[in-house]
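**Q** If you're matching positions, the sequence shown starts at 32 in our numbering and goes up one per residue. All C-beta atoms, glycine included, are put in the ideal place defined by N, C-alpha and C.
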Amino acid sequence: FARSTMRVAVLPGNGCVEVRRSNWYGWLARELTAAGIEVALVDMPDPHGASERLWIETCRGALACDARTVVVGHSSGAVCAMRLAETTRLGGLCLVGAYHTDLGHESERAAGYFSRPWQWDAIRANVAPRPFGIVQFGAADDCFLPLEEQEHVATSLRADWRRMDGRSHFMDSTFTELLELLRERCSAAASASGGEG
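Here it is as C-alpha cells:
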C-alpha cells in the first residue's frame, strides 16, 4: 500500500498515565500503523493536571505537530489541540469530547487553557481545509460535558460535527468511526501526492 504523506498525533484526555493502555489510543495507533500511517503517541507530562505549557511543549517537541499532522485530541487533549492550532499550522484537527470553558472546575482553570478568549478564526485559518479539515465527535449523553459546550465549539470552528449519542465521553477501547475517517482521509492525501512519503 502507499504510505500516507499525512501523519497522526494523538493527544489523550487527562488522567491517562499509560496512554497506550488508556481508552482507544493504543488501539488506534496500532491500527493506523498497520495501515501505513505514521502515528505519534506518547505519555504526556503532568498527566493529571494537563498543564497547557507542558502539553503544548510536548506537541511541538516529542509529537512534532506540524502542517502534515492530523492532531486527534480527546477531552483535555481536544482543548490542548485547539490552543495549539491558534498558533501552529496543522494538516487537520479531529476533536473528541471538546469543550471551551473550565466548566466551573478549579483543576481545569489551573491547567491554563481557559485564561483568555478563544481565537476561533486563527484555529480555522491554521488548519488545512483538505483533505482533513476540522472534524468533531460528540454526544448528548457525555457524562462530563453538556451538549451546549460541544456544540459551541463545533459552531465556532464550523467543524464537520458528528454527533453520536450513546457514546458518552468516548472512553471505549476501540473507536471504529474515527479509525475509518483517518484511514480514508489520510489515504486521500497519499493518492493526491502519488503516495510518496
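Under the rule that 16 or more other beta-carbon atoms within 10 Å means buried, what is Asp152, buried or exposed?
**A** As a first step, residue 152 is located in the sequence shown; it is residue number 121 there, counting from the start. By the neighbour-count rule (16 or more Cβ atoms within 10 Å), Asp152 is not buried but exposed.
**Q** Which residue wins for smallest C-alpha separation from Arg189, given the options Val158, Ala40, Leu121, Glu208?
**A** Numbered from 1 along the sequence shown, position 158 holds the residue referred to as residue 189. Cα-wise, what sits closest to Arg189 is Val158.
**Q** Residues in the same chain with beta-carbon distance under 7 angstroms from Cys96, minus the five sequence neighbours each way, listed in chain order, please.
**A** For the purposes of this step, residue 96 is taken as the residue at position 65 of the sequence shown. Within the same chain, Cys96 has close Cβ partners Ala40, Cys90, Val102, Leu115, Thr119, Leu121.
**Q** For the putative contact between Leu94 and Val110, defined by C-beta atoms under 8 angstroms, what is the C-beta separation to the nearest angstrom?
**A** One-based indexing of the sequence shown puts residue 94 at position 63. One-based indexing of the sequence shown puts residue 110 at position 79. So it is not a contact: roughly 15 angstroms between Cβ atoms.
**Q** Give a yes or no on contact between the segment 191 to 199 and the segment 141 to 150, applying the rule of three or more CB pairs nearer than 8 angstroms.
**A** Touching, no.
**Q** Between the segment 129 to 138 and the segment 177 to 195, do at least 3 Cβ pairs fall closer than 8 angstroms?
**A** yes
**Q** If distances are taken between C-alpha atoms only, which option among Leu42, Pro177, Gly169 comes closest to Leu85?
**A** In the sequence shown, counting from the first residue as 1, residue 85 sits at position 54. Of the residues Leu42, Pro177, Gly169, the one whose Cα lies closest to the Cα of Leu85 is Leu42.
**Q** So who's on the other strand from Leu126, going by DSSP bridges?
**A** What you label residue 126 is simply residue 95 of the sequence shown in a count that begins at 1. Paired residues: Gly104, Gln167.
**Q** Have a look at Ala66, Gly44, Ala65, Glu62 and flag the residue whose alpha-carbon is nearest the alpha-carbon of His79.
**A** Position 48 of the sequence shown, counting from 1, holds the residue named residue 79. Taking only the C-alpha atoms, the option nearest His79 is Gly44.
**Q** Run the CB neighbour count on Glu139, radius 10 Å, all protein chains shown included, and call it buried at 16 or more, exposed below.
**A** Walking along the sequence shown from the start, residue 139 turns up at place 108. That one is buried.
**Q** Distance, Cα to Cα, Gly228 vs Ser35?
**A** Within the sequence shown, the letter at position 197 stands for residue 228. Within the sequence shown, the letter at position 4 stands for residue 35. Low confidence applies here, because Gly228 scores a pLDDT of 42, under 50, leaving its location unreliable and the question unanswered by this model.
**Q** Please tell me whether Ile165 and Leu124 are closer than 8 angstroms, where the distance is taken between their beta carbons.
**A** For the purposes of this step, residue 165 is taken as residue 134 along the sequence shown, with counting starting at 1. For the purposes of this step, residue 124 is taken as residue 93 along the sequence shown, with counting starting at 1. In this structure, the beta-carbon distance from Ile165 to Leu124 falls below 8 angstroms.
**Q** In the segment 148 to 224, which residue ranges form an unbroken alpha helix (DSSP H) of at least 4 residues, counting only runs that do not cross its ends?
**A** 151 to 157, 178 to 188, 207 to 223
**Q** Could you check which residue in Met195, Asn54, Met113, Asp172 has the C-alpha nearest to that of Pro148?
**A** Counting from 1 along the sequence shown, the entry for residue 148 is found at position 117. The shortest Cα separation from Pro148 among Met195, Asn54, Met113, Asp172 belongs to Met113.
**Q** Where does Ala98 fall in DSSP's three states?
**A** The sequence position of residue 98 within the sequence shown is 67, counting from 1. Three-state DSSP puts Ala98 in coil, outside helix and strand.
**Q** Kindly list the residues whose CB is nearer than 8 angstroms to the CB of Asp172, restricted to its own chain and excluding five residues on each side of it in sequence; keep chain order.
**A** Residue mapping note: residue 172 aligns to position 141 of the sequence shown, counting from 1. Counting only Cβ-Cβ distances below 8 angstroms, and skipping sequence neighbours, we find Asp196, Gly197, Arg198, Ser199.
**Q** Can you tell me where the beta strand (DSSP E) with Leu42 in it begins and where it stops?
**A** Reading the sequence shown from its first residue, position 11 is the one you call residue 42. Residues 38 to 42.
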